[in-house]
Amino acid sequence: MRLIFLGPPGAGKGTQAAILAGFLEVPHLSTGDILRQNVKQKTSLGVKAKSYMDKGELVPDSLVLEMVEEKLAEKEAKEGWILDGFPRNLYQAGALDGLLLGMKQPEYDLVISLDQVPEAVLVDRLANRAREQGRSDDTPEVLRNRLRVYHAETEPLIQFYTNCLRLTPVNAFQPLEAVTENLKKLIHELK
Ligand code: AMP
């Protein structure tokens, strides 16, 4: 099973992607998590990515694409994956199709868009996470920028995947367990 998760920061993408990855026994590829790990370990990728992440801007496509290609080529990703936080703009979406073709991997089964969470709730959730996790990109100013970048660069993907009939919206403005149940139902219908 190959799934792409779309949605604004704070919609619960990471949480739901992790639960489903466990359920489906496929790797959960969160570009944000992988980037944060690189920053922590001060790898050359991490050093290059940090200034963008600290401002809430997107890390340059070339860096992210190289990183994703490496992850998709790993043995664990042969039978499926869940992409969380990638693609993040139209260029990355096109590049992903090219990558999969080049690697002779089948296309994704579904693009799930976690939607309907009001902007004020997103802001609240992100602020709470900032307090809990101490992330350097969760200050109020950076947080607003991340939402702005989402609307400007990532939201157009909803139309893009709707046009190619791959998009399935899921209402994320419900308790966590209800969202998970809806997602499992969707996947069950696919199998
Ligand atoms: P996330 O945890 O998905 O919200 O990502 C945290 C930060 O990592 C983002 O604000 C970006 O700076 C960077 N990032 C994550 N995924 C991508 C991506 N696909 N393309 C560019 N930057 C990314």
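The working numbering runs 355 ahead of the 1-based position in the sequence shown. C-beta: ideal position from N, C-alpha, C; glycine also.
{"Item": "Beta-carbon contacts of LEU456 that lie in its chain and below 7 Å, excluding the five residues immediately before and after", "Value": "none"}
{"Item": "Beta strand (DSSP E) runs contained entirely in the region 438-476, provided each spans 3 or more residues", "Value": "465-470"}
{"Item": "Whole runs of the beta strand (DSSP E) within the region 374-426, excluding any shorter than 3 residues", "Value": "383-385"}
{"Item": "Test item: CB-CB of GLN371 and THR494 under 8 Å", "Value": "no"}
{"Item": "Delimiting residues of the alpha helix (DSSP H) encompassing PRO524", "Value": "Unbroken run through PRO524 is the beta strand (DSSP E), 522-526; no alpha helix (DSSP H)."}
{"Item": "Straight-line Cα distance separating THR386 from GLN396", "Value": "15 Å"}
{"Item": "Nearest candidate by alpha-carbon position, reference PRO530, set ALA366, ILE359, ARG443", "Value": "ALA366"}
{"Item": "Between the CA atoms of ASP439 and PRO461 - distance to the nearest angstrom", "Value": "18 Å"}
{"Item": "Outcome for PRO473 when other beta-carbon atoms lying within 10 angstroms are tallied against a minimum of 16", "Value": "exposed"}
{"Item": "When GLU487, ILE374, ALA428, PRO442 are compared against PRO511, the one with the closest alpha-carbon", "Value": "PRO442"}
{"Item": "For PHE528, the nearest candidate out of LEU379, LEU358, LYS433, LEU469 (CA to CA)", "Value": "LEU469"}
{"Item": "7 Å CB neighbourhood of ILE437 in its chain, flanking five on each side removed", "Value": "LEU358, PHE360, ALA372, LEU375, ALA376, VAL381, HIS383, LEU384"}
{"Item": "Assigned secondary structure, ARG357 (DSSP; H/G/I helix, E/B strand, else coil)", "Value": "strand"}
{"Item": "Cβ-Cβ distance between ASP492 and MET422 below 8 Å", "Value": "no"}
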